[in-house]
Each structure stands twice: as C-alpha cells, then as structure tokens.
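In our numbering, the protein residues as written are 7 to 130.
In this text, a Cβ means the ideal position worked out from N, Cα and C, and glycines have one as well.
Note that this is a predicted model, so its numbers are computed, not measured.
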Amino acid sequence: MLLVAHGSSVLDKTTNAWAVRKINDKWSRNYFIALNTFSIVCFQKLHVHFLEFAVEYQARCIWDWLAVYDRHVTSDSQLGKYCGLSSPPDVITDTSHLVLQFVSDAIIPEKGFRLLVTAVGESK
C-alpha cells in the first residue's frame, strides 16, 4: 500500500492512524483559518474509519470542517463533510485516491481527529 500525504499530518506508527490536530499558535489578528489538504493514493479502494473526532460544530459545518473526497476536490466527488463531536460514519472510496480537506479557525478550538485508512477491494 502506498500512502502519500500533503499537509501537516502525523502517522501514528503503533496504530497506523493519521492524526490531525489544531495548531493553537501563530494566530493572526485573533482570526486564523487553517486549510490542510491531504492526498492518499493506493492501488485499491480506500476505507476511512474515524477513531476520534472533535471539530467545532455548526449546523452546516461552515466554520470548522473535514471534507472527504474521492479523487478530486470538487462538489460532485465529495463523499462527506463533517463537524461536531460525534465520529462520522465509515467512508469507502470508489477509486484509489482519497483527498481529505480540513478547515479550521481560531474561534472555538477542539481536539481534532484521528482516522485509520486501509486498502480494500479493487479500484475502478
């Protein structure tokens, strides 16, 4: 399995889980937006399982959110957009390319998220 990540992520060697945490320093004028995009490529479909999830809640997820895409960051390839304190449901891509986009501001910091990505089946 080949994993390629772009952005500030950490791979936990004991669990092979990707962890993304809010960075609480370097605020600018009391308002800071962090945009991190992570790309994971494999030769099979990818299964995403959330181990922890705590991202600022808003009904339409407009302030802090994690979006999951299949292949490209476009509205028609979005598999889900999540915020809040409950773990999202598991996600399985249709292709072998997963893109995670995490947006956060400095207003209400939460813990972040940890997720496990595994290869499953064959890609289209």
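Give the DSSP-derived three-state secondary structure of residue i in the structure shown.
i      : result
SER161 : Not covered by the structure: residue 161. The range shown for the chain is 7 to 130.
SER93  : coil
GLY118 : strand
ILE68  : coil
THR99  : coil
THR86  : Checking the sequence, you will find Gly at residue 86 rather than Thr. If DSSP states are grouped into helix, strand and coil, GLY86 belongs with the strands.
ALA125 : strand
Which residue's Cα is closest to the Cα of residue i: the options?
i     : options                         : result
ARG77 : GLY86, LEU91, GLY90 and THR99   : THR99
LEU91 : GLU116, ALA60, VAL105 and HIS53 : ALA60
Rounded to a whole number of angstroms, what is the C-alpha to C-alpha distance between residue i and residue j?
i      : j     : result
VAL123 : ALA40 : 22 Å
Looking at the strands, I want to know which residues DSSP matches up with residue i.
i      : result
LEU106 : PHE44 and VAL74
GLU62  : Answer is none; GLU62 lacks a bridge partner.
Within 7 Å of any Cβ in chain B, is that where the Cβ of residue i sits?
i     : result
LEU72 : Note that chain B does not occur in the displayed structure, where there is just one protein chain.
Any 3 or more C-beta pairs closer than 8 Å across the region 44 to 52 and the region 65 to 73
Because the criterion of three Cβ pairs below 8 Å is not met, the region 44 to 52 and the region 65 to 73 do not touch.
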